[in-house]
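Q: Structure in structure tokens, see below.
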Amino acid sequence: MPHSDTPLLRTALDAAESAADRGLDAVLAAAQSAIMGESHVTLLRLALVNPETNSPLDDGYRGVVRAVIQLSVGGERADGSRDFYVN
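Under full-length UniProt numbering, the residue at position 76 of the sequence shown is numbered 76, and the numbers go up by one with no gaps.
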């Protein structure tokens, strides 16, 4: 069963949200940077989607997004998401 309350997942979502004022690419890069280099962690999915439709966003999109992250941490799956505004 996936867990949604791992410290690394929270850290990655915090990093993503903290980069929201710099656009979509910065949000993705910040989340990925928070995860890279961690032992026993595999990034399974990192996406920014429309929170109402779960569809992909166009380049240059500004507005509310949902950051979706799925990790494998020591063989256990961790899933999480957070909605926030991207400039």
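Note that the Cβ used here is the ideal one computed from N, Cα and C, for glycine as well. As the structure is a prediction and not an experimental result, all values here were calculated from the model.
If you reduce the DSSP assignment to three classes, tell me which class PRO56 lands in.
A: Locating residue 56 in the sequence shown gives position 56, counting from the first residue. Note: PRO56 maps to strand in three-state DSSP.
Q: For the beta strand (DSSP E) that contains THR6, what are its first and last residues?
A: Start at 1 with the first residue of the sequence shown, and residue 6 comes out as number 6. Element bounds for THR6: n/a, residue is neither H nor E.
Q: What are the start and end residues of the alpha helix (DSSP H) that includes SER33?
A: As a working note, residue 33 is residue 33 in the sequence shown. Taken as a continuous stretch (DSSP letters only), the alpha helix (DSSP H) holding SER33 covers 24–35.
Q: Can you pull the DSSP bridge partners for TYR85?
A: Position 85 of the sequence shown, counting from 1, holds the residue named residue 85. Bridge partners of TYR85: VAL64.
Q: Nearest to MET36 by alpha carbon, out of LEU71, VAL86, ARG77, ALA78?
A: In the sequence shown, residue 36 corresponds to position 36, counting from 1. Comparing Cα positions, the closest option is LEU71.
Q: Which of the three DSSP states, helix, strand or coil, is assigned to GLU38?
A: The residue you call residue 38 lines up with position 38 of the sequence shown. Residue state, collapsed to three classes: coil.
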